[in-house]
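So the structure is just underneath, and the comments pick up after that.
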Amino acid sequence: MRQELQSLPKTLAEDVAKNLVMVARLIDEDPEGAYGYSRVALRLASRVAAVREAAGFAAYASQKYSEALAEFRAARRMTGNVDLWPVMADCERGLGRPEKALDMAGAPEVHKLDKAGQVEMRLVAAGARRDMGQLDAAIVTLQSPELASGSVQPWTARLRYAYADALLAAGRDSEAREWFAKAVEADRDGSTDASDRLAELDGVEFTDALDESGATDETDATDETDENTETDETADNGVTGESGNADPADKD
Numbered sequence: 005m006r007q008e009l010q011s012l013p014k015t016l017a018e019d020v021a022k023n024l025v026m027v028a029r030l031i032d033e034d035p036e037g038a039y040g041y042s043r044v045a046l047r048l049a050s051r052v053a054a055v056r057e058a059a060g061f062a063a064y065a066s067q068k069y070s071e072a073l074a075e076f077r078a079a080r081r082m083t084g085n086v087d088l089w090p091v092m093a094d095c096e097r098g099l100g101r102p103e104k105a106l107d108m109a110g111a112p113e114v115h116k117l118d119k120a121g122q123v124e125m126r127l128v129a130a131g132a133r134r135d136m137g138q139l140d141a142a143i144v145t146l147q148s149p150e151l152a153s154g155s156v157q158p159w160t161a162r163l164r165y166a167y168a169d170a171l172l173a174a175g176r177d178s179e180a181r182e183w184f185a186k187a188v189e190a191d192r193d194g195s196t197d198a199s200d201r202l203a204e205l206d207g208v209e210f211t212d213a214l215d216e217s218g219a220t221d222e223t224d225a226t227d228e229t230d231e232n233t234e235t236d237e238t239a240d241n242g243v244t245g246e247s248g249n250a251d252p253a254d255k256d
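Numbered per my numbering, the sequence shown spans residues 5 to 256.
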């Protein structure tokens, strides 16, 4: 990316780089914020492939799938590589066109992807099958040498998780539990919520002790306030009577 930005004047390249850095920082936790920075970078350097790609991912994270697809296509035209093919197919899913995503999964471009890209394409194809209500086909799509392998790769946790989720959706709970457990073993950086799903299947419920303590303190404080209010009302009633109005006889 830095090399691509060298085609720009120095000051402009620095401005674009700052915006791209913010896209990377925000895209997971604040997709809309990342999208805003990506639009600035795009306005400054729309002819840089890396900028178009970053804008595509920001739009994708914000679920602006039509815009994301347009940016990914532009980046691909500029570079000629197929790395973005799986995410482009997933944009088709987001636009409600799972059949198009499946067509892309069978295209010659898939054979040009590296192993990680091929696994990603398999995940997208399985998702498209699920979109179409073809649960059994989704399960079969995910069954692959990569799924059966005992070695842990960057994609292993997500692949096992997707397989477990598909099994669960098909009502194969015991198998789903087994694969959620395998996903937990491979998920070293917490990229999935496999541990939560596994606990849910095991009937484990988590209680936040801090929240309980806070709730208890709040209840106690409320009770104390109510008692004080009741005492004050009793004292007032002793002076003014039940109606709260002074008795004319007392005035005399």
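Backbone N, C-alpha and C define an ideal beta-carbon position, used for all residues, glycine too.
With distances taken between CA atoms, Ala129 lies nearest to Asp107 out of Asp107, Ser153, Ala65. By the beta-carbon neighbour count (other beta carbons within 10 angstroms, threshold 16), Arg134 is buried. In the three-state DSSP reduction, Glu150 falls in the helix class (H, G or I). With respect to Ala174, Leu139 sits close: the two C-beta atoms are nearer than 8 Å. Between Ala17 and Gln10, the gap from beta carbon to beta carbon is short of 8 Å. Contact between the stretch 108-116 and the stretch 147-160 is not established, with fewer than three Cβ pairs separated by less than 8 Å.
Per DSSP, reduced to three states, the secondary structure at Thr145 is helical. Under the rule that a run must span 4 or more residues, the alpha helix (DSSP H) segments found entirely inside the stretch 47-113 read 53-65, 69-83, 89-98, 102-109.
In this model, Trp183 and Pro13 are separated by some 52 Å (Cα to Cα). Boundaries of the alpha helix (DSSP H) around Glu8: 6-9.
The DSSP-derived three-state label of Met125 is helix.
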